[in-house]
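Peer 1: Let me give you the structure first, and then I'll get to my questions.
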């Protein structure tokens with residue numbers, strides 16, 4: 020606690036001067052206005068955009084990362100809280116201003132975009148197990164409701180761009196090994212031939228895991244090609260394949276079990292051999308056509324197939340066999356004249372899930388208990404406009420989304436529970452920023468979002484029936500935000516946002532004694548979310564730089580009653596009220612690199628009643644490398660230490676888990692090392 024208070028005191032002083040825009044190592048010549056944002060649909064500078072947005076620009080020193088989870092790249096972004104970095108059967112859980120905190124697995128409520136193609140399915144499910152961390156070039160995080168831009172499940176946006184520029188042909192080979200049997204092997208090559216550029220990447224990663232029954236193994240391959248067919252027309256192609264033959268789930272345990280042995284798996288998870296296997300293939304095309312100096316047209320088309328088999332820690336319906344086809348297509352046209360830019364477009368998505376459940380006979384597939392086709396059809400039409408008037412920058416947008424959800428019950432032994440639901444939504448947004456000084460802008464915005472239940476959440480029916488649970492509604496939110504951003508001196512930038520969000524029908528997970536280990540969902544009446552986000556960066560010498568971020572999240576139920584129990588005034592579980600991140604980096608001209616990053620995570624609650632608490636913690640990580648050239652070959656040995664303080668903390672909180680099984684313990688102090696060779 021003393022360490023936490025000390026760091027908060029230091030930050031309160033630093034935040035008067037500091038800001039944060041995590042790009043390449045800041046230099047005295049860097050200007051905020053040169054940081055362009057594309058996730059707002061219309062390209063503009065980070066300084067002018069009337070919204071809180073953080074940008075991470077990858078550097079060569081990212082090779083020193085363990086590259087085990089996207090958490091390594093986003094942990095210094097205020098407003099973003101990640102958990103579950105060590106359970107690869109449940110995937111990384113990302114919450115942004117509280118959106119996504121409910122997820123039992125994967126990512127909910129946040130729009131994921133990779134290389135301009137949606138990674139989030141039409142029903143709002145997202146995962147990044149097929150993302151190749153070794154080729155990330157840039158990450159944009161647009162915080163707050165954004166459904167006027169991206170439709171369903173847009174409580175925030177994470178847009179990831181992988182490398183696609185090749186100045187000259189290269190190949191890079193990387194090998195990493197570390198604690199708990201960790202291995203990470205990567206190979207990347209770039210080729211340029213005339214008007215075409217190709218990027219090839221392959222990755223193999225495995226680990227025995229910190230806890231019993233927590234090992235995983237994964238293969239990834241990615242091919243990306245750019246074709247400049249003319250001065251006005253560019254075509255991009257993408258192929259991605261991921262195979263995860265093993266991802267074990269150690270499960271949540273209660274506090275007594277944690278104190279007895281942090282590394283143990285839950286006994287039922289061992290008995291039923293819980294975990295998952297995944298195969299996924301994605302192919303995509305995107306194009307940009309500069310019609311004339313004022314008009315540009317863009318479009319994309321993709322197909323995604325995912326095969327999933329999961330084993331849960333119970334018998335009836337405890338083995339899931341899911342086949343998913345997901346296709347999407349979209350196009351837009353941008354017209355610019357003078358200081359005004361107008362964009363109109365549409366996004367179409369179709370998701371077809373073939374969900375089957377079987378008895379889990381201690382890891383063996385038994386008789387079938389469910390056979391259901393689930394379909395989600397979406398069409399969104401949007402218009403957005405950006406207008407610049409002297410020192411003012413104004414934005415506005417509106418989007419209409421048609422969403423139809425269909426369940427076709429093909430397991431008719433207990434009747435036909437087929438049905439469909441239509442959940443349409445209209446979402447506007449408006450914002451304005453004012454440049455009150457050359458390098459300082461103040462801004463305000465009002466934006467909305469909506470979030471339908473995911474198909475997997477609808478099919479989890481607490482009545483025990485087949486078909487959809489039609490008692491849950493879409494979640495809606497409206498965000499009011501003001502902020503200030505700018506540059507105070509050479510190498511010193513800052514951004515501060517204050518927001519207030521009203522939500523209705525929050526989707527909340529829970530478990531029932533009648534169906535142990537199954538997660539169901541219900542709507543809370545209303546919540547209020549108040550928060551402050553502060554971020555800054557300061558390059559105080561050519562070699563040294565400091566980044567800092569702080570988030571205050573006071574998210575409360577304002578109208579939520581379950582079985583005559585009133586939760587009004589309670590904090591939302593799974594989100595700490597205080598979250599601080601500090602990074603100090605040294606980069607010498609002679610090739611030596613070192614960085615230390617500290618995360619101070621405050622106390623959080625594990626259930627809606629706020630009776631179960633999860634202690635806060637301080638997590639400090641360190642990594643270093645030395646780069647040199649030998650006979651025109653670039654060589655970089657590197658090493659890292661995680662959780663230097665050997666803190667005993669919870670890596671993932673299972674919200675409202677039955678039997679108080681809230682805790683998934685995190686690893687203690689652990690390390691890794693490796694080498695990168697570049698030709």
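Numbering (my numbering), first residue to last: 20 to 698. Even glycine gets a Cβ: it sits at the ideal position worked out from N, Cα and C.
Which of helix, strand or coil does DSSP assign to residue 692?
Peer 2: The answer is strand: DSSP assigns residue 692 an E or B state.
Peer 1: Report the CB separation of residue 520 from residue 548 in whole angstroms; it is logged as a contact under 8 angstroms.
Peer 2: At roughly 4 angstroms, the Cβ-Cβ gap stays under 8 angstroms, so residue 520 and residue 548 are in contact.
Peer 1: The beta strand (DSSP E) with residue 343 in it runs from where to where?
Peer 2: Here the beta strand (DSSP E) through residue 343 covers 338 to 356.
Peer 1: My output table needs one value for residue 476: the three-state DSSP class, helix, strand or coil.
Peer 2: Residue state, collapsed to three classes: helix.
Peer 1: If I measure Cβ to Cβ from residue 122 and keep anything under 6 angstroms in the same chain, skipping five residues before and after, which residues do I get?
Peer 2: Answer for residue 122: 112, listed in chain order.
Peer 1: In the DSSP assignment, the alpha helix (DSSP H) including residue 92 goes from what residue to what residue?
Peer 2: Residue 92 -> alpha helix (DSSP H) spans 90 to 93.
Peer 1: Answer yes if the segment 150 to 165 comes into contact with the segment 328 to 335, meaning at least three C-beta pairs across the two stretches below 8 angstroms, and no otherwise.
Peer 2: Taking 8 angstroms as the limit for Cβ pairs, the verdict is that the segment 150 to 165 does not touch the segment 328 to 335.
Peer 1: Would you report the Cα separation of residue 58 and residue 621, rounded to the nearest angstrom?
Peer 2: Their Cα atoms are separated by approximately 30 angstroms.
Peer 1: Can you confirm whether the segment 338 to 357 touches the segment 314 to 322 when touching is taken to mean that 3 or more C-beta pairs between the two stretches lie within less than 8 angstroms?
Peer 2: Judged by Cβ distances under 8 angstroms, the segment 314 to 322 makes contact with the segment 338 to 357, as three or more pairs qualify.
Peer 1: Let me check one thing: in DSSP terms, what residues is residue 419 bridge-paired to?
Peer 2: BP columns for residue 419 point to 400 and 445.
Peer 1: Comparing alpha-carbon positions, which option in 243, 262, 264 and 247 lies nearest residue 256?
Peer 2: With distances taken between Cα atoms, residue 256 lies closest to 243.
Peer 1: Take residue 542 and list the residues in its own chain whose beta-carbon comes closer than 6 angstroms to its own, dropping the five residues that flank it on each side.
Peer 2: Counting only Cβ-Cβ distances below 6 angstroms, and skipping sequence neighbours, we find 491, 492 and 524.
Peer 1: Which first and last residues belong to the alpha helix (DSSP H) in which residue 286 is found?
Peer 2: Its alpha helix (DSSP H) spans residues 286 to 290.
Peer 1: In angstroms with no decimal places, state the Cα-to-Cα distance between residue 82 and residue 377.
Peer 2: Going from the Cα of residue 82 to the Cα of residue 377 covers about 43 angstroms.
Peer 1: In terms of residues, what are the limits of the beta strand (DSSP E) holding residue 54?
Peer 2: First-last for residue 54: undefined, no H or E at that position.
Peer 1: Looking only at its chain, what residues have a beta carbon closer than 6 angstroms to the beta carbon of residue 338, apart from the 5 residues adjacent to it on each side?
Peer 2: 330, 377, 379 and 384.
Peer 1: Between which two residues does the beta strand (DSSP E) carrying residue 644 extend?
Peer 2: Where residue 644 is concerned, the enclosing beta strand (DSSP E) stretches over 636 to 645.
Peer 1: List the endpoints of the continuous beta strand (DSSP E) containing residue 217.
Peer 2: Start and end: 215 to 226.
Peer 1: Just verifying my parser: in three-state terms, what is the DSSP assignment at residue 126?
Peer 2: If DSSP states are grouped into helix, strand and coil, residue 126 belongs with the strands.
Peer 1: CA-CA distance, residue 306 and residue 75?
Peer 2: Going from the Cα of residue 306 to the Cα of residue 75 covers about 25 angstroms.
Peer 1: Between which two residues does the beta strand (DSSP E) carrying residue 167 extend?
Peer 2: No beta strand (DSSP E) holds residue 167; the alpha helix (DSSP H) holding it covers 166 to 169.
Peer 1: Straight-line CA distance for residue 241 to residue 135?
Peer 2: Their backbone Cα atoms lie some 15 angstroms apart in a straight line.
Peer 1: Please state the DSSP three-state secondary structure of residue 652.
Peer 2: Three-state result, residue 652: strand.
Peer 1: Residues in its own chain within less than 7 angstroms of residue 587 by CB, not counting five upstream and five downstream?
Peer 2: Once the five neighbours on either side are set aside, the close Cβ partners of residue 587 are 576, 577, 578 and 579.
Peer 1: Tell me the DSSP bridge mates of residue 138?
Peer 2: DSSP lists no partner for residue 138.
Peer 1: Using 8 angstroms as the threshold, is the segment 452 to 467 in touch with the segment 420 to 439, meaning 3 or more CB pairs across them?
Peer 2: Touching, no, given that fewer than three Cβ pairs across the two stretches are closer than 8 angstroms.
Peer 1: Using the C-alpha atoms, what's the distance from residue 340 back to residue 386?
Peer 2: Using only the alpha carbons, I get a separation of about 12 angstroms.
Peer 1: Identify whether residue 147 lies in helix, strand or coil by the three-state DSSP scheme.
Peer 2: Here residue 147 sits in coil by DSSP.
Peer 1: Can you give the Cα-Cα distance for residue 441 and residue 615, rounded to whole angstroms?
Peer 2: Taking the straight line joining both Cα atoms gives about 49 angstroms.
Peer 1: What number of angstroms, rounded off, separates the C-alpha of residue 663 from the C-alpha of residue 687?
Peer 2: Each residue's alpha carbon lies about 8 angstroms from the other.
Peer 1: Could you give the distance in angstroms between the alpha-carbon of residue 513 and the alpha-carbon of residue 461?
Peer 2: Whole-angstrom Cα-Cα distance: 12 angstroms.
Peer 1: What residue range does the beta strand (DSSP E) around residue 276 cover?
Peer 2: That residue, residue 276, is in no beta strand (DSSP E); its alpha helix (DSSP H) goes 274 to 279.
Peer 1: Can you confirm whether the segment 287 to 302 touches the segment 318 to 325 when touching is taken to mean that 3 or more C-beta pairs between the two stretches lie within less than 8 angstroms?
Peer 2: Enough Cβ pairs lie closer than 8 angstroms, so yes.
Peer 1: Our contact map puts residue 259 next to residue 149 with C-beta atoms below 8 angstroms; I'd like the distance itself, whole angstroms only.
Peer 2: The Cβ separation is near 6 angstroms, so the contact holds.
Peer 1: What is the C-beta distance between residue 397 and residue 420, in whole angstroms, given that I count them as a contact (C-beta under 8 angstroms)?
Peer 2: Sure, about 6 angstroms apart at Cβ, within 8 angstroms.
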